[in-house]
Amino acid sequence: MRLLEYQAKSLFSDYGIPIPKGFTSTTIEQGRKDASVLGYPFVIKAQMAVGGRGKAGAIQKCHNADEFELKYPEIMQKVVKGEKTKAILLEKMADIKKELYLSLFLNRSKRCYTIISSSDGGVEIESVKNQVIREVGLGNIETKTAEEVGKEVGLKDKALSQFVDILLKLSKVTVEKEAELAEINPLAVLKDDSLLALDGKVIIDDNAMFRHDELREFQEVSELEERAEKSGFSLVELDGNIAVVGNGAGLVMSTLDMLSDHGGKPACFLDVGGGATTDTVYEALTLISKMKKVKGILVNLYGGIVKTTTVATAFIKAYENKIIDVPVFARMSGAEADKSKEMLKGSRTKMFDTIEDAINAGVIEVNKSG
Amino acid sequence: MADLFELLVGKEGEKDYKKKPVIVQGITGKFGSFHTQQMLAYGTNVVAGVTPGKGGQKLEGISIYETMKDAVNATGAKISIVFVPAKFFLSATVEALEAGIKLLIAIPEHVPVKDALTIVDLAKKKDAIVIGPNTPGIIIPGIIKIGIMPASPFKPGRIAVLSRSGTLMYEVSHNLSLANFGQSICLGIGGDPINGTPLIEAFDRIRDGANIDGVVVVGEIGGDAEEMLAQHIIDTKFDKPVVAYIAGRAAPKEKRMGHAGAIIYGNYGSAESKVSMYAKANVPVAKRPAEIPMLLAGKLGKGRIK
Numbered sequence: 001m002r003l004l005e006y007q008a009k010s011l012f013s014d015y016g017i018p019i020p021k022g023f024t025s026t027t028i029e030q031g032r033k034d035a036s037v038l039g040y041p042f043v044i045k046a047q048m049a050v051g052g053r054g055k056a057g058a059i060q061k062c063h064n065a066d067e068f069e070l071k072y073p074e075i076m077q078k079v080v081k082g083e084k085t086k087a088i089l090l091e092k093m094a095d096i097k098k099e100l101y102l103s104l105f106l107n108r109s110k111r112c113y114t115i116i117s118s119s120d121g122g123v124e125i126e127s128v129k130n131q132v133i134r135e136v137g138l139g140n141i142e143t144k145t146a147e148e149v150g151k152e153v154g155l156k157d158k159a160l161s162q163f164v165d166i167l168l169k170l171s172k173v174t175v176e177k178e179a180e181l182a183e184i185n186p187l188a189v190l191k192d193d194s195l196l197a198l199d200g201k202v203i204i205d206d207n208a209m210f211r212h213d214e215l216r217e218f219q220e221v222s223e224l225e226e227r228a229e230k231s232g233f234s235l236v237e238l239d240g241n242i243a244v245v246g247n248g249a250g251l252v253m254s255t256l257d258m259l260s261d262h263g264g265k266p267a268c269f270l271d272v273g274g275g276a277t278t279d280t281v282y283e284a285l286t287l288i289s290k291m292k293k294v295k296g297i298l299v300n301l302y303g304g305i306v307k308t309t310t311v312a313t314a315f316i317k318a319y320e321n322k323i324i325d326v327p328v329f330a331r332m333s334g335a336e337a338d339k340s341k342e343m344l345k346g347s348r349t350k351m352f353d354t355i356e357d358a359i360n361a362g363v364i365e366v367n368k369s370g
Numbered sequence: 371m372a373d374l375f376e377l378l379v380g381k382e383g384e385k386d387y388k389k390k391p392v393i394v395q396g397i398t399g400k401f402g403s404f405h406t407q408q409m410l411a412y413g414t415n416v417v418a419g420v421t422p423g424k425g426g427q428k429l430e431g432i433s434i435y436e437t438m439k440d441a442v443n444a445t446g447a448k449i450s451i452v453f454v455p456a457k458f459f460l461s462a463t464v465e466a467l468e469a470g471i472k473l474l475i476a477i478p479e480h481v482p483v484k485d486a487l488t489i490v491d492l493a494k495k496k497d498a499i500v501i502g503p504n505t506p507g508i509i510i511p512g513i514i515k516i517g518i519m520p521a522s523p524f525k526p527g528r529i530a531v532l533s534r535s536g537t538l539m540y541e542v543s544h545n546l547s548l549a550n551f552g553q554s555i556c557l558g559i560g561g562d563p564i565n566g567t568p569l570i571e572a573f574d575r576i577r578d579g580a581n582i583d584g585v586v587v588v589g590e591i592g593g594d595a596e597e598m599l600a601q602h603i604i605d606t607k608f609d610k611p612v613v614a615y616i617a618g619r620a621a622p623k624e625k626r627m628g629h630a631g632a633i634i635y636g637n638y639g640s641a642e643s644k645v646s647m648y649a650k651a652n653v654p655v656a657k658r659p660a661e662i663p664m665l666l667a668g669k670l671g672k673g674r675i676k
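Residue numbers (this note's numbering), protein chains in the order written: chain X, 1 to 370; chain B, 371 to 676.
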């Protein structure tokens, strides 16, 4: 689960990491009240789980009430890389001398947390230069390590001691909340050499959520995602018009790749889990029917233990019950493939022997329908 | 270091050669009992099950014990396969390792990272091998199946398959079998960020198997396991053919693609990064699963001419 900036910051604040004064709202009425308490100028920041907000105009300075009336609704409507604004954070501007980068992340291959810091923060991590990288254990990091990192990014005196304090607290957040990533970027050094977390990004291990009821209030899943989760599916919504369904994450990713290679545009990634039954496939089709942009459905199932006829039954039922009205292009390996082709004769589900054939037919037909 | 093949197959002349005993943890659950039947049908020597509260009962003629200690004492098994829900994963696996299990196949999905790390650490201390979590398991076609994979895709042969994905392992093995490339072993690394046996370690455990002509590595986006393996292949001058596949080229950044481990942060975990490292190691990367047997045939052909 990726926390939004304001959520990450509230977590930081709970642990004593300094953050700018700010208010979060979802309506302009509340925003106006926040603005009057905060006082101009301030920054209007779209709350969305994606990087590159600044470049996309989803973070803007605001100097007066006239500007506010224009910018608040504009930013509320923003969509960046497919992510919509979930809320608006109004935040006091700071007197910045320098922008640092600081993060702790779970290093998978080294099986420990790793600190990354830099004196050149404020840009996305791929572009951060002069990275200081330090592998630490699984517990809280030691003061000595934090000091060494602080010195390596060129800090001294007051700024250094504040940096150490913040890094130790960030480590505590990471360990206690079972985060895979806790990032402050930029971590600003102000004119008076004090430090301030201007942005925050925290990703919590979803699988550990059963131990963290206190984080549940931050969980924002769409209705569709929630329904998918209940069925034990994983769903990622994408921008295109062909829904991609399969059993097993790797197989569905692979199908997504091949569809994109053929010029198709995936509307979603839907993994129904390792097995496939009439019920799971029917439920998957029901979920997809709620996505209006879908013009066709591509199904890739590796049968194995399951009979293909079981799945064919789901397609027939879905059309009969008018759950779906778009064409389905299905490939399913496994027992009784001929029988299921026979069952689906005359229906809008076409069965193919290979996924490549299913993709070709799907892309052509969906493009034809516009 | 514990030897994977020795644990799975044993040595000729041993009483349980090719019939190594296996304990099923969580044997009475829907999933556990179904796959116990499937494993038995394949010929796997399942000798005991463990479900707290059901000790003394039987399933498919197999005795169920209260604890792992009881089951290990009664059977002498060194292999266990775990089917318990993720919440109980840690306690079940600690119990298994404490009881003397040396090869633990961890099937559950959704295990917290912290719990996986704890088990990895304990396994190291106990000189035990953990496969998974979130793995389909291991199969040596024709000899032993410890996992949830269907039997039909696999055929005995001389190609090793390592995979981070379950169904892709079946799909790829099926394609290999059709092309007459049988498999000497197929091992699911698991789709989680933390693997009991990471890709590079799995590779080291199978690379010197006398019965291996080549290795197929089925990877996906997320982490840097493929990059590290590529470097390892270069460093150790591995000279048998290796062919790779990477799922998730079209995946957006910072979205978890079904598997907990399949997520790109920045360039960390991207398909491009993996493909370019494989290129340095002279490992061809298939664009689609169906291409793998062709690439392998190409590589093996070259090897033979030499």
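Don't be surprised by glycine CBs; every beta carbon is placed ideally from N, CA and C. Bear in mind the structure is a predicted one, so any value in this text is a computation, not a measurement.
Spatial distance of residue i from residue j (CA atoms)
i, j, result
"A314 of chain X", "V132 of chain X", "54 Å"
"G560 of chain B", "S194 of chain X", "45 Å"
"C112 of chain X", "A182 of chain X", "14 Å"
"K676 of chain B", "A667 of chain B", "Here the model assigns K676 of chain B a pLDDT of 34, short of 50, so the residue's position is not dependable, and the following value carries that caveat. Straight-line Cα distance between these residues: approximately 14 Å."
"M48 of chain X", "K86 of chain X", "6 Å"
"K45 of chain X", "L238 of chain X", "24 Å"
"F352 of chain X", "E336 of chain X", "13 Å"
"N545 of chain B", "I591 of chain B", "22 Å"
"K350 of chain X", "I75 of chain X", "44 Å"
"E465 of chain B", "I471 of chain B", "9 Å"
"G552 of chain B", "M409 of chain B", "20 Å"
"K669 of chain B", "E596 of chain B", "19 Å"
"K400 of chain B", "S222 of chain X", "30 Å"
"T24 of chain X", "L90 of chain X", "6 Å"
"K381 of chain B", "F375 of chain B", "9 Å"
"P482 of chain B", "L467 of chain B", "18 Å"
"P455 of chain B", "A476 of chain B", "11 Å"
"R674 of chain B", "Q407 of chain B", "In this prediction, R674 of chain B scores a pLDDT of 43, lower than 50, which makes its location untrustworthy; the coordinate-derived value is nonetheless stated afterwards. C-alpha separation (whole angstroms): 42 Å."
Residue i in three-state terms, based on DSSP
i, result
"M332 of chain X", "strand"
"T143 of chain X", "helix"
"E436 of chain B", "coil"
"I441 of chain X", "Past the boundaries of the shown model lies residue 441 of chain X; chain X is included only from 1 to 370, so the question cannot be answered."
"T310 of chain X", "helix"
"K201 of chain X", "strand"
"K650 of chain B", "helix"
"G31 of chain X", "helix"
"G402 of chain B", "helix"
"T286 of chain X", "helix"
"P611 of chain B", "coil"
"L301 of chain X", "strand"
"V236 of chain X", "strand"
"G250 of chain X", "helix"
Span of the alpha helix (DSSP H) around residue i
i, result
"F459 of chain B", "F459 to E468"
"T174 of chain X", "D157 to K177"
"E229 of chain X", "E223 to K230"
"D574 of chain B", "L569 to I576"
"V483 of chain B", "V483 to K496"
Buried/exposed call for residue i, threshold 16 Cβ in 10 Å
i, result
"K339 of chain X", "exposed"
"H63 of chain X", "exposed"
"D386 of chain B", "exposed"
"E29 of chain X", "exposed"
"I115 of chain X", "buried"
"I508 of chain B", "buried"
"H405 of chain B", "buried"
Residues bridged to residue i (per DSSP)
i, result
"K428 of chain B", "B:S433"
"V542 of chain B", "In the DSSP output, where bridge partners are listed per residue, V542 of chain B has none listed."
"Q553 of chain B", "B:I529"
"G558 of chain B", "B:S533"
"E590 of chain B", "B:A617"
"I508 of chain B", "B:I516 and B:L557"
"I604 of chain B", "The partner list for I604 of chain B (beta bridge, DSSP) is empty, contrary to what the question assumes."
"V272 of chain X", "V272 of chain X is not bridged to any residue."
"R134 of chain X", "X:I115"
"M351 of chain X", "X:A330"
Unbroken beta strand (DSSP E) run spanning residue i, endpoints
i, result
"G362 of chain X", "No beta strand (DSSP E) holds G362 of chain X; the alpha helix (DSSP H) holding it covers I355 to S369."
"I75 of chain X", "Note, I75 of chain X: premise wrong, no beta strand (DSSP E); alpha helix (DSSP H) at A65 to M76."
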